[in-house]
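First the structure, in the form of structure tokens, and then the observations on it.
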Amino acid sequence: MTTPPAPEVPNAAPPPSSPASSGPSPQEKEATSRQIGRLQDFAAGFFATWTLDLGVRHGLFECLSRHPEGLSAEFLARELDLDRLYVTVWCNAAYSAELVEFKEGRFFLAEGLKAPLLEPGSPVYFAGTVRFLGALREAWTFLDQHVADGERSWWDQFSKDLPASQADSSRTFYTRLLRKGFAQVPGLIERLNGPTPLTLVELACGRGDGLVRLAKAFPNLKVHGVEGDERSVEVAKAAVAAAGLGDRVTISHGILGKDPVPAADIVLMNIALHEVQDKEEVVRQVVRALRPKGAFLISEFPFPEWGEIEKLRTPAGKVMAGVQYVEAILDDQLLPSAQFMNFLRRNGMREVSSSELAPIHVLVWGTK
Ligand SMILES: C[S@@+](CC[C@H](N)C(=O)[O-])C[C@H]1O[C@@H](n2cnc3c(N)ncnc32)[C@H](O)[C@@H]1O
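In my numbering, the protein residues as written are 17 to 384.
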């Protein structure tokens, strides 16, 4: 007599496992080994970032680029008057991170790194970002101390390295604006180069790099910078004086949202509107301060919209997700481009538009 087949039980629970067969499933094991690989990549990235920072700040990359014939670690240390052991460790770490090459006992700067690491005027300049990442160590310490109590801080509370390296990282944003951003705004370049002297006001101008470059790029333009951090105002004034531009470039201390915005034909904010507490009030003030046909140019990080969280997994999204830590310390957050466009439209600006200049850089504008 045969026994009937056991009835099928839909969605039956697996039989209880014996102690011998317990432990992670093959899927779990595979996922863990994938994650271990990623975690090791993060550790390697951490060391690569510090290697970049040390190499930029102590001139190691610069020295290697001056020696296309290559240098041994010992010669590199001697040339820069640095410790031999530290430089040997740096050379090996830089080799492991593929930042330098090695042949017959000599190290060479890896191909493709000259512009990102050594050319501040290049649109792909990256050493400023490297310096900023290094300078962020004090911000991490602050965050670690205040992650529970939620205390915030501001630029003037940190050492001068932080705003200085931030300005260096912003350099590439100004380069992109000047090389391709302004050309996206209909008629802007023609007006800036026209015979009628215009006034451009840069709000939250930081340490004045943008003011100097704008004045140099457009010889007919009058430029005025407003900045809320006293130390940055002093640095910006010195930069303008050193560039011999004192007759066309002026700077004042002012708190946006509180102090009035000076009259202008063009107002520019570079990586700054997201930081202001009352953004809508500042936009209102800018619109009032603009002369007829005036333009408001908002150069920003384009943080993904709510509902687009998957965009945080793109390379640009990963960088912006990290920048949000700094913004949180400063008591603000990066915003999606649409938000800046809404500010302009809500306050009566016309021809509101935007252009992506790089995956981490958008220019939003409107005219009065
Ligand atoms: C990220 S930095 C950008 C500075 C400069 N535009 C650049 O790109 O290098 C932001 C700047 O906004 C200034 N800032 C923030 N809130 C401000 C406010 N309410 N009034 C004036 N300046 C402000 C900060 O002091 C800082 O210099």
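Beta carbons: idealized from backbone N, C-alpha and C, even for Gly.
Collapsed DSSP secondary structure at residue i in the structure displayed
i, result
"N363", "coil"
"G333", "helix"
"F189", "helix"
"S369", "strand"
"W66", "helix"
"P352", "coil"
"R168", "coil"
"G61", "helix"
"P308", "strand"
"A151", "helix"
"S138", "coil"
"V163", "coil"
"Q293", "coil"
"E321", "coil"
"A288", "coil"
"V103", "helix"
"S38", "coil"
"V342", "helix"
"S81", "helix"
Near ligand 1: residue i beta-carbon under 7 Å from a heavy atom
i, result
"I171", "Here residue 171 is Trp; the residue named in the question, Ile, does not match the sequence. Correct: W171 has its Cβ closer than 7 Å to ligand 1."
"E243", "yes"
"I271", "yes"
"E291", "yes"
"D281", "no"
"G197", "no"
"G262", "no"
"Q182", "yes"
"G53", "no"
"F189", "yes"
"N286", "yes"
"G226", "yes"
"A220", "yes"
"S186", "yes"
"S248", "yes"
Cutoff 7 Å; reference residue i; Cβ partners in own chain excluding five residues on either side
i, result
"E296", "F359"
"V256", "G224, L227, V228, G262, V265, I267"
"V103", "A89, L92, A93"
"W106", "T67, L70, G71, L76"
"V116", "L80, C107, A110, F123, F124, L125, A126"
"K176", "R247"
"A199", "I205"
"L133", "V72, F77, F142, A143"
"F356", "L289, I314, E316, V380"
"A183", "G222, R223, D225"
"R300", "N363"
"M365", "V303, F312, G382, T383, K384"
Cβ neighbours of residue i in the same chain (closer than 8 Å, five flanking residues each side left out)
i, result
"K334", "L328"
"E246", "D172, H269"
"L346", "R168, S169, W170, W171, E291"
"G210", "N236"
"P21", "Summary for P21: the model assigns pLDDT 48, below 50, so the residue's position carries little reliability, and this model does not support an answer."
"L214", "R207, L208, N236, L237, K238, D281, I282"
Bridge partners - residue i, DSSP secondary structure assignment
i, result
"V378", "E316, E372"
"E117", "F124"
"L87", "F123"
"A180", "For A180, which the question treats as bridged, DSSP gives no partner whatsoever."
"T145", "Answer is none; T145 lacks a bridge partner."
"T383", "A311, R366"
6 Å CB neighbourhood of residue i in its chain, flanking five on each side removed
i, result
"L152", "none"
"T65", "L149"
"A233", "L194"
"I271", "G244"
"F174", "E154"
"A131", "S138, V140"
"V378", "E316, P318, S353, S370, E372"
Which runs of the beta strand (DSSP E) at least 3 residues long sit entirely within the region 207-286? Give them in chain order. 215-219, 238-243, 265-269, 280-286
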